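Residue numbers (our numbering), protein chains in the order written: chain H, 36 to 489; chain G, 36 to 489; chain W, 36 to 489.
Backbone N, C-alpha and C fix where the C-beta goes; we use that ideal spot for every residue, glycine too.
None of these values were measured; they are calculated from a predicted model.
Have a look at the structure below, then the notes.
Printed below as a string of structure tokens:
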């Protein structure tokens, strides 16, 4: 096959590597699930006996009914929310939705195992016993990996993303264990555990994979009218279901109730302030879709760690108020600065939506819990370290010339990894011939072709 | 800046006014929430004690578990449903989704306060105590405002819509209090309280803001193929979750159960009859997307007031049957008539989907409850008055030349208030230069430009 | 009117037939609902008394709370999932979403009756007593009909689809009764009852309606970039909510819990293997959207029958693993073979997503339940017979020249049954005249026109 067209120096053919990775890892899952994973007492056919021996009078007390509606909302956020949010690029929407689908579907399996070993191991039998809460946590873990994908969007191959998932899920499980079980922190909505970790993990990888000539793909690094609308589907489902995200694994009763209320309120405030800052910083007060698609969500990220706390409705409002402002400023001013001066190419701006608001959420939670500043430091360190150091190592692995990543002039282009339809219908008949030629290039590798066709 | 390009006589620059309004109102929210809003006993950390003192044996009895799934469905309806339903215009989809996002996010905060003072005030402490039902009601209230937005779509500035929200939420809370608490009516799904009110409020504003030269923007007042598909996302999520809308605040147990069944059935019937009428009234029996997107929902609107009643499944079917017919006829014949003879410009046809079916819903509920016709009159009056009189006053306020609304030839155009991507990718290379010129106009204000470029 | 333009030999005018069918059938529904359908004890105002006489202490025990969240997910799958999955065709997206809407809204009413007579008839009063589980089952039944629609997509008129629904729902209710009540099988997620039945029903109809000259519409039988993205909305909502589909009518407690877990796991595996096979079978390892949109779902179909069983998490993983492979191979190799050699035109490839994985699901369930192979045979026979024989008869009915189906050169074209906007905005100004002409053809029937305009 070779790499005749897509680049002078890159082979983007993944016909061997992608199926190989998928099969090897999936077979490993089957084996490991076979050895380790069983149903927990609430999902097992012995639930009837369990109820009797534990004096439970109704099936309604099965944790399934407390958490399943929230689980489904979280599930939508991970696949539709993250997936569609990243469709904003004009010609990378297949990759955004499709690779999200792949890496989250793989990642959740590995997460069930990794998190299971840490949190759901039955020591008497050596089995991981899973129930609805494990599914939620596995989805959360994929959320962390997908945040990292946001920084890398358009610049990596699906094989690389499988590697990012494998290591990301592993690191996530470790840092989560440290934060929740060793440091005994609450972080029901994962401000630190999910967002800050995922943010720094992705940024570190992106920093290592810096492409000095990325501007060769500049013409594809932007949106078109309808791709921005597809992205709004992602934004809205994230925004709407975030109360479920932050309450899904909170305590039964007032814990879940309060977490949902706090998140609902915080998010409402961040929409209003994100709009205000967006309008202030653009010509004629025009709104920028990037801000509306992203910064409006910052209130949800920051409320993650303290959603369960008695932070008061006005406390939530204040959190959303400032995070909407900070995040929008980040998209407008910090990201360009980071790209220029720190060589940090962050396609979706995860620094502004996840890394920073997540960190803020950690601080807020520390303030509310009246922690000593030393404790706060000890708390943030493992997350930051796991993210950046883990990300740096993964980044170096991804620099090996075996993963099929695109050349600088083929970034943000679905034609590298997808069969893309020709869209001739949107072009009027008189132009059909020209257009046919212009779009034909994806097949050029496989035949002799005349340079004049370019 | 000035108003050099977008109009001869209108300044659409909202760079000062929009951030100013957003910040002033959001800061007011923070202050008022700080003074007034607290968690209710089911969302408060004292829930444990409350359970004991009230002999509640399980967290499952927390109202959260009765209502949260329905709340999330309603939440999706307000933001995705209303937002995407209005994306049908070919070049106002950003405004449809984005302004829906803004005004509902602001509106729900103000609604928590306004409705809280009327319904959830703890007189001993002077605090509003909120729980999941307050969130649902706040979303409902935003629904009323968004209905009004439907009549105004494309013709108002975001600043004006913030004004419409502020007054709309206030009026809503008042008329709701009169209907539910003073007149002791049931209207769980808000036929009257939400739809009729929102409908007449929007129509009155639109009537005051009549634009005799709106046909200057006629070329943008229509759909394209994919914008109609985006609108169907809105339609379907509204249609699918309407059983949750009408059952969300119904009584526990059979009340919620029955409200969901009645709404499900009524909506199914209105799809079939809307299709029938749409086909009958078009050439060759072709269906009109406007009817499918809107009139199919009429059965849900009309069932609002009587969803909880023992109206029988066939009763619901009859309601949907006739409302699908009436609404489709409205879109086909009544709206053009109103525009021509009553100078009523109603972008989304809310008269046919909300005002009329909502009123019908009120009558049906009165018939089922065997009310005297005098009572019916007393019932509809406050809703109609609040809507039309309130709307007229708000309309007059919006006529002040300070709100940045678009000129007649700039209506239905996202470029006025949004940074719109250039979409050059969809146009074949040979046309790039022409297209570049054609699309460049949004930047023309800021430099000398040559008229020949037009 | 006549059929001047759309075909030489077909009249696609449905202006009489479509409204007539809609009205006749909807009036029949009103009458039959009036005679037969009432609320069951949990949706009836007598629920309060029922609770007392049955020693139920809380409204939470109302089946509504066990099933409503899953019902809403199923509801989304039927209308958004199936509807949008079929929008992949470049110019049949209105038909995909709109006809799904129509036939499911009609079908669920008829299903409430048909399934009610078989399963929910109160013999003392002769009434069908409905509750939330009936709504779920009615949606399931529509799922079967929509699967059949997948094979016929673009080649039939809406009137024909109403006929397909009427007979499909009827046949479904019969085969379901045989499988569940006479043969006493469990099939909570409907591998056999829904997917295999719907698959063979649709394939049989399509086989009878074979069009030898369908390649006249070949240019429309494909996707464009954004239509593939719309289809992914359908795919994802199907994939995400499939755990609800398979658990919605499972037993309370561990049954629903386990069904959700098994389905979640199986689906995750089928994504990874579908991607692997898709990449293996395409040039340069590029992924094919058809596989990602469809084969990723095969794990959910196959888990339907055994979702409730103690199949173990690794069992579910194995099911998903193989079904993802088999389904992708089906799309790549079997469908073209069937079309060429068996004259089976299957627009959406339901053979690979529903018929085969559904059958596999039946076998898996038989293996898990340790059934004799003779029993398996007896089990599959009624489903297969109802599907193919019923489908063949319906196909013959649909061959009557009265249904307004499109000619071979008008298949996959929304302009036959829909008012389609002209989309002139997406084309640059210099081409407006040409384009105007090109798109004007939908009105040509109604006036004299000059052939030179073509």
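Given residue i, which residues of its chain have a CB within under 6 Å of its CB, disregarding the five upstream and five downstream residues?
i, result
"residue 453 (chain W)", "129"
"residue 443 (chain G)", "246, 248, 249, 251"
"residue 210 (chain H)", "232, 417, 418, 421"
"residue 190 (chain G)", "446"
"residue 228 (chain W)", "211, 214, 222"
Sorted by chain position, which residues of the same chain lie with C-beta nearer than 7 Å to residue i's C-beta, five sequence neighbours on each side aside?
i, result
"residue 101 (chain H)", "287"
"residue 235 (chain H)", "390, 419, 422, 423, 426"
"residue 239 (chain W)", "422, 423, 426, 427, 430"
"residue 338 (chain G)", "224, 281, 297, 298, 301, 351, 354, 396"
"residue 99 (chain W)", "77, 167"
"residue 366 (chain G)", "325, 326, 329, 330, 384, 387"
"residue 120 (chain W)", "266, 269, 270, 273, 328"
Between residue i and residue j, which are expected to be in contact by the criterion C-beta below 8 Å, what is the C-beta distance as a whole number of angstroms?
i, j, result
"residue 144 (chain W)", "residue 176 (chain W)", "That belief does not hold up - the Cβ atoms of residue 144 (chain W) and residue 176 (chain W) are roughly 11 Å apart, past 8 Å."
"residue 116 (chain G)", "residue 269 (chain G)", "5 Å"
"residue 198 (chain H)", "residue 437 (chain H)", "With 8 Å as the limit, residue 198 (chain H) and residue 437 (chain H) do not qualify as a contact, their Cβ atoms being about 10 Å apart."
"residue 230 (chain H)", "residue 174 (chain H)", "14 Å between Cβ atoms; not a contact."
"residue 181 (chain H)", "residue 447 (chain H)", "That pair is no contact at about 18 Å."
"residue 244 (chain H)", "residue 434 (chain H)", "7 Å"
"residue 47 (chain H)", "residue 451 (chain H)", "5 Å"
Mind pulling the chain H residues with CB within less than 7 Å of residue i?
i, result
"residue 458 (chain G)", "259, 260"
"residue 353 (chain W)", "65"
"residue 371 (chain W)", "Those do not exist, as residue 371 (chain W) stays about 15 Å from chain H at its closest Cβ, beyond 7 Å."
"residue 207 (chain G)", "Those within 7 Å of residue 207 (chain G) in chain H number zero; the least Cβ separation is about 17 Å."
"residue 110 (chain G)", "275"
Keeping to the same chain, check which residues put their C-beta closer than 8 Å to that of residue i; ignore five residues upstream and five downstream.
i, result
"residue 373 (chain W)", "379, 381, 386"
"residue 262 (chain G)", "122, 123, 124, 125, 128"
How would you write the range of the beta strand (DSSP E) that residue i sits in, first residue to last?
i, result
"residue 102 (chain H)", "Taken as a continuous stretch (DSSP letters only), residue 102 (chain H) belongs to no beta strand (DSSP E), being part of the alpha helix (DSSP H) at 98-111."
"residue 73 (chain H)", "72-74"
From the DSSP secondary-structure annotation, give me the bridge partner or partners of residue i.
i, result
"residue 163 (chain H)", "H:72, H:156"
"residue 322 (chain G)", "W:453"
List the residues of chain G whose Cβ lies closer than 8 Å to the Cβ of residue i, in chain order.
i, result
"residue 455 (chain W)", "260"
"residue 503 (chain H)", "In this structure chain H extends from 36 to 489, so residue 503 (chain H) is not present and cannot be described."
Just to make sure I have the definition right: I need the residues of chain W whose C-beta is within less than 7 Å of the C-beta of residue i. Which are they?
i, result
"residue 49 (chain H)", "314, 320"
"residue 273 (chain G)", "Near residue 273 (chain G) there are no residues of chain W at all, since even the closest Cβ is about 11 Å away, more than 7 Å."
In chain H, which residues lie with their C-beta within 9 Å of the C-beta of residue i?
i, result
"residue 242 (chain G)", "Those within 9 Å of residue 242 (chain G) in chain H number zero; the least Cβ separation is about 28 Å."
"residue 337 (chain W)", "In chain order: nothing, as chain H lies at least about 15 Å away."
Which chain W residues are close to residue i, counting only those with a beta carbon under 8 Å from its beta carbon?
i, result
"residue 222 (chain H)", "Those within 8 Å of residue 222 (chain H) in chain W number zero; the least Cβ separation is about 24 Å."
"residue 448 (chain G)", "Going along chain W, no residue has its Cβ under 8 Å from residue 448 (chain G), so there is no contact; the nearest lies around 11 Å."
If you follow the alpha helix (DSSP H) that residue i is part of, which residue opens it and which one closes it?
i, result
"residue 346 (chain G)", "Here residue 346 (chain G) belongs to no alpha helix (DSSP H), and DSSP marks it neither H nor E."
"residue 205 (chain W)", "193-212"
"residue 368 (chain H)", "Element bounds for residue 368 (chain H): n/a, residue is neither H nor E."
"residue 312 (chain H)", "289-315"
"residue 86 (chain W)", "82-88"
"residue 396 (chain G)", "391-403"
"residue 419 (chain G)", "408-433"
"residue 281 (chain H)", "260-282"
Taking C-beta pairs closer than 9 Å, name the residues in chain G that residue i reaches, listed in chain order.
i, result
"residue 363 (chain H)", "Within 9 Å Cβ-Cβ: nothing; residue 363 (chain H) doesn't reach chain G, min ~11 Å."
Under 8 Å between beta-carbons, which chain H residues line up against residue i? List them in chain order, please.
i, result
"residue 84 (chain G)", "Those within 8 Å of residue 84 (chain G) in chain H number zero; the least Cβ separation is about 10 Å."
Going along chain W in order, which residues have a C-beta closer than 9 Å to the C-beta of residue i?
i, result
"residue 103 (chain H)", "104, 105, 278, 279, 282, 291, 292, 295"
"residue 95 (chain H)", "93, 95, 96, 100, 101, 287, 288"
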